[in-house]
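Remarks on the structure that follows.
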Amino acid sequence: MSENEMPGVTRISKGRYAMVAVIGRPNSGKSTFVNRLVGEKISIVSDKPQTTRHRIFGVRTSERGQLVFIDTPGIHKPLYRLNRFMMHNALSAIEDADMALLIVDASEKFGGGDRYLLGAMNDYKKPLIVLLNKIDLIRPSRLLPLMDHYGGALPAKEIIPMSALRGDNVELIERTIWENAAEGEPMFPIDMHTDRTEVFRAAEIVREKILAHTREELPWATAVRVDQSEMDGKLWRLSMSILVEKKSQRPIIIGRGGEFLKKVGTEARVEIEETFRKKVYLSLHVEHLEHWRDSAQVLATLEIYDQ
Ligand SMILES: Nc1nc2c(ncn2[C@@H]2O[C@H](COP(=O)(O)OP(=O)(O)OP(=O)(O)O)[C@@H](O)[C@H]2O)c(=O)[nH]1
Ligand SMILES: [Mg+2]
Numbered sequence: 072m073s074e075n076e077m078p079g080v081t082r083i084s085k086g087r088y089a090m091v092a093v094i095g096r097p098n099s100g101k102s103t104f105v106n107r108l109v110g111e112k113i114s115i116v117s118d119k120p121q122t123t124r125h126r127i128f129g130v131r132t133s134e135r136g137q138l139v140f141i142d143t144p145g146i147h148k149p150l151y152r153l154n155r156f157m158m159h160n161a162l163s164a165i166e167d168a169d170m171a172l173l174i175v176d177a178s179e180k181f182g183g184g185d186r187y188l189l190g191a192m193n194d195y196k197k198p199l200i201v202l203l204n205k206i207d208l209i210r211p212s213r214l215l216p217l218m219d220h221y222g223g224a225l226p227a228k229e230i231i232p233m234s235a236l237r238g239d240n241v242e243l244i245e246r247t248i249w250e251n252a253a254e255g256e257p258m259f260p261i262d263m264h265t266d267r268t269e270v271f272r273a274a275e276i277v278r279e280k281i282l283a284h285t286r287e288e289l290p291w292a293t294a295v296r297v298d299q300s301e302m303d304g305k306l307w308r309l310s311m312s313i314l315v316e317k318k319s320q321r322p323i324i325i326g327r328g329g330e331f332l333k334k335v336g337t338e339a340r341v342e343i344e345e346t347f348r349k350k351v352y353l354s355l356h357v358e359h360l361e362h363w364r365d366s367a368q369v370l371a372t373l374e375i376y377d378q
């Protein structure tokens with residue numbers, strides 16, 4: 072078989088290729104960063120911690136080669152099976168990757184979770200780059216002590232301040248990543264930006280809208296399960312269930328006269344249509360599933376397991 076006939080690869084050239092694990096505490100800006108590098112929103116973002124629950128590949132292909140970023144769940148203390156699986160997904164990504172980017176929220180106080188991460192990474196043998204994120208929120212004088220602190224505690228090749236939101240230093244960071252990538256072969260076709268299916272991404276978009284409009288326990292106690300996805304001519308018919316953990320959460324997600332569900336449904340449908348350039352019919356239901364966060368069976372239907 073010649074190189075050009077390799078399944079799934081539309082072009083092979085000499086170049087640099089790397090799997091890059093993107094790790095950090097919840098809410099530090101990992102998904103924002105990956106989306107920016109990929110140039111497309113492939114991973115949902117919210118202001119609530121523990122937004123990302125899966126390992127999500129974001130692929131950046133250029134004439135230099137291909138970088139496969141692994142967006143991961145933020146490292147936290149797991150209290151449910153869901154969270155144990157999330158932690159496994161994050162920690163196994165570190166092992167599988169060729170290098171790691173540790174994203175730190177520089178606007179947050181250093182705490183126990185950060186100390187745990189330093190412990191987990193202090194004997195990391197592959198290239199490690201620390202990105203001090205959200206510098207748009209802090210006084211520049213706070214940066215130097217933080218850089219010293221991370222430089223002293225970790226075998227980091229580089230420590231670079233950034234704003235993933237505004238794009239500050241992102242080009243410099245990309246150059247640094249390419250410099251640390253070895254020669255190799257691409258994993259994905261050049262026009263592919265993620266390993267995730269459109270159906271998975273559509274369900275995540277619904278979850279993003281729920282996260283944006285809920286508070287307290289609800290962001291953690293909800294999940295979105297796809298019940299039906301089929302093309303009806305040019306119309307993409309999607310039916311999804313929003314899982315809640317307690318009976319009392321059902322009426323909140325439905326809202327008065329179904330208002331909450333309607334708002335989430337409309338916002339999600341518009342974004343799904345724009346993202347995939349398809350006309351969408353989205354129907355949302357709410358299902359009370361006690362203890363779903365501890366059910367291996369439910370987690371498997373949500374594609375959350377030890378990957
Ligand atoms: N001001 C500011 N906000 C940022 C920056 N980067 C990310 N954010 C915000 O921080 C919040 C969390 O961003 P995410 O990208 O979801 O963070 P994450 O690390 O993927 O979070 P988890 O998936 O929960 O682990 C969102 O509200 C982002 O808009 C930044 O550079 N500056
Ligand atoms: Mg995330």
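Numbering follows the numbering used here, in which position 225 of the sequence shown is assigned residue number 296; successive positions increment by one, without gaps.
Glycine included, C-beta positions come from ideal geometry on N, C-alpha and C.
Check: Would the beta-carbon of F140 fall within 8 Å of that of L162?
Finding: Walking along the sequence shown from the start, residue 140 turns up at place 69. Walking along the sequence shown from the start, residue 162 turns up at place 91. Contact: no.
Checklist line | T293: CB within 7 Å of a non-hydrogen atom of ligand 2 | finding: Walking along the sequence shown from the start, residue 293 turns up at place 222. Because no heavy atom of ligand 2 lies under 7 Å away, the Cβ of T293 does not count as near it: no.
Next item on the list: Name the two residues that bound the continuous alpha helix (DSSP H) containing I276.
Entry: Taking the sequence shown and counting its residues from 1, the one referred to as residue 276 is at position 205. I276 -> alpha helix (DSSP H) spans E269 to H284.
Notebook entry, point to check: Taking 7 Å as the line, does the beta carbon of L153 fall inside it for any heavy atom of ligand 1?
Noted result: By 1-based counting over the sequence shown, the position of residue 153 is 82. No, since every heavy atom of ligand 1 falls outside the 7 Å radius drawn around the Cβ of L153.
Item checked: Proximity of V357 and R321 at Cβ, strictly below 8 Å -> Here the question's residue 357 lines up with position 286 in the sequence shown. Here the question's residue 321 lines up with position 250 in the sequence shown. Yes, Cβ-Cβ distance for V357 and R321 is below 8 Å.
Notebook entry, point to check: Thinking C-alpha only, which one of S212, E301, M311 and P149 is nearest A294?
Noted result: Position 223 of the sequence shown, counted from the start, is the residue given in the question as residue 294. Among S212, E301, M311 and P149, the Cα nearest to that of A294 belongs to M311.
Note to self: Once the 5 residues before and after E374 are set aside, which same chain residues still bring their CB inside 8 Å of it?
What the structure shows: Locating residue 374 in the sequence shown gives position 303, counting from the first residue. Correct list, in chain order: H125 and F271.
Margin query: Which residue marks the beginning of the alpha helix (DSSP H) containing H415, and which one marks its end?
Written below: Because the chain in this structure spans residues 72 to 378, residue 415 falls outside the shown range and cannot be described.
Item checked: For M263, three-class secondary structure by DSSP -> On the sequence shown, residue 263 is found 192 positions in, with the first residue counted as 1. Three-state DSSP puts M263 in coil, outside helix and strand.
Next item on the list: Let me know the secondary structure DSSP gives L332 once reduced to three states.
Entry: On the sequence shown, position 261 is the one that residue 332 refers to. The answer is helix: DSSP assigns L332 an H, G or I state.
Notebook entry, point to check: Can you name the residues that DSSP bridges to T132?
Noted result: Here residue 132 refers to the residue found at position 61 of the sequence shown. Bridge partners of T132: Q137.
Checklist line | Whole-angstrom distance between R286 and G255, CA atom to CA atom | finding: As a position in the sequence shown, residue 255 is number 184, starting the count at 1. As a position in the sequence shown, residue 286 is number 215, starting the count at 1. Their Cα atoms are separated by approximately 45 Å.
Notebook entry, point to check: If we ignore side chains and look at the alpha-carbon of each, how far apart do K333 and E361 end up?
Noted result: For the purposes of this step, residue 333 is identified with residue 262 of the sequence shown, where counting begins at 1. For the purposes of this step, residue 361 is identified with residue 290 of the sequence shown, where counting begins at 1. Cα to Cα, K333 sits roughly 24 Å from E361.
Notebook entry, point to check: Of all residues in the structure, which have a C-beta closer than 6 Å to any heavy atom of ligand 1, taken in chain order?
Noted result: G95, P97, N98, S99, G100, K101, S102, T103, V116, S117, D118, P120, Q121, T122, T123, P144, G145, N204, K205, D207, L208, S234, A235 and L236
Next item on the list: Return the Cβ separation of G223 and L173 in integer angstroms, given the expectation that the two are a contact with Cβ distance under 8 Å.
Entry: The sequence position of residue 223 within the sequence shown is 152, counting from 1. The sequence position of residue 173 within the sequence shown is 102, counting from 1. Wrong, their Cβ atoms sit about 14 Å apart, outside the cutoff.
Item checked: Where G255 sits in the DSSP three-state scheme -> Your numbering for residue 255 matches position 184 in the sequence shown. If DSSP states are grouped into helix, strand and coil, G255 belongs with the strands.
Notebook entry, point to check: Can you tell me whether DSSP reads L355 as helix, strand or coil?
Noted result: Counting from one through the sequence shown, the residue named residue 355 turns up at place 284. L355 falls in the strand class under three-state DSSP.
Check: Whole-angstrom Cβ separation of A235 and F128, contact assumed at under 8 Å?
Finding: Position 164 of the sequence shown, counted from the first residue, corresponds to residue 235. Position 57 of the sequence shown, counted from the first residue, corresponds to residue 128. That pair is no contact at about 18 Å.
Note to self: Output needed for A92: all residues of its chain with C-beta closer than 6 Å, excluding positions within five of it in sequence on either side, in chain order.
What the structure shows: For this step, residue 92 is matched to residue 21 along the sequence shown. I141, A164, I165, A168 and A171, listed in sequence order.
Check: Between the C-alpha atoms of A89 and A253, what's the straight-line distance to the nearest angstrom?
Finding: The count along the sequence shown starts at 1 and reaches residue 89 at position 18. The count along the sequence shown starts at 1 and reaches residue 253 at position 182. Roughly 7 Å separates the two Cα atoms.
Notebook entry, point to check: Do you know how far the Cα of I231 is from the Cα of I244?
Noted result: Here residue 244 corresponds to residue number 173 of the sequence shown, with the count starting at 1. Here residue 231 corresponds to residue number 160 of the sequence shown, with the count starting at 1. The alpha-carbon atoms of I244 and I231 are separated by roughly 7 Å.
Note to self: Give me the DSSP bridge partner(s) of L173.
What the structure shows: Counting from 1 along the sequence shown, the entry for residue 173 is found at position 102. Partner(s): I94 and V201.
Notebook entry, point to check: In chain order, what residues of the same chain lie with their CB nearer than 8 Å to the CB of L214, ignoring the 5 residues before and after it?
Noted result: Counting from one through the sequence shown, the residue named residue 214 turns up at place 143. Excluding residues within five positions, the ones whose Cβ falls inside 8 Å are A177, L203, I206 and P232.
Notebook entry, point to check: Should D185 go down as buried or exposed, given a rule of 16 or more other Cβ atoms within 10 Å for buried?
Noted result: Here residue 185 refers to the residue found at position 114 when the sequence shown is read from its first residue. D185 should be labelled buried.
Check: With 16 as the cutoff for other CB atoms within 10 Å, does M302 come out buried or exposed?
Finding: Taking the sequence shown and counting its residues from 1, one reaches residue 302 at position 231. Classification of M302: exposed, given that the 10 Å Cβ count is below 16.
Margin query: If you measure between the beta carbons of G86 and G136, is that distance less than 8 Å?
Written below: The residue you call residue 86 lines up with position 15 of the sequence shown. The residue you call residue 136 lines up with position 65 of the sequence shown. The answer is yes: Cβ separation under 8 Å.
Margin query: Short of 8 Å in beta carbon distance, which residues of its chain neighbour I248, apart from the five on each side in sequence? Order them along the chain.
Written below: Taking the sequence shown and counting its residues from 1, one reaches residue 248 at position 177. Hits under 8 Å: A89, V91, L138, M170, L172 and I200.
Item checked: Per DSSP, cross-strand counterpart(s) of M311 -> For the purposes of this step, residue 311 is identified with residue 240 of the sequence shown, where counting begins at 1. Paired residue(s): V297 and L355.
Check: For the beta strand (DSSP E) that contains E229, what are its first and last residues?
Finding: Residue numbering aside, residue 229 sits at position 158 when the sequence shown is read from its first letter. Residues E229 to P232.
Check: Cβ of L282 within 8 Å of Cβ of L309?
Finding: As a first step, residue 282 is located in the sequence shown; it is residue number 211 there, counting from the start. As a first step, residue 309 is located in the sequence shown; it is residue number 238 there, counting from the start. No, these two residues do not count as a Cβ contact at 8 Å.
Next item on the list: Could you tell me which residues DSSP pairs with G86 in its beta bridges?
Entry: Taking the sequence shown and counting its residues from 1, one reaches residue 86 at position 15. Bridge partners of G86: G255.
Margin query: Given the structure, does S114 come close to ligand 2, in the sense that its CB is under 7 Å from one of the ligand's heavy atoms?
Written below: Counting from 1 along the sequence shown, the entry for residue 114 is found at position 43. Because some heavy atom of ligand 2 lies under 7 Å away, the Cβ of S114 counts as near it: yes.
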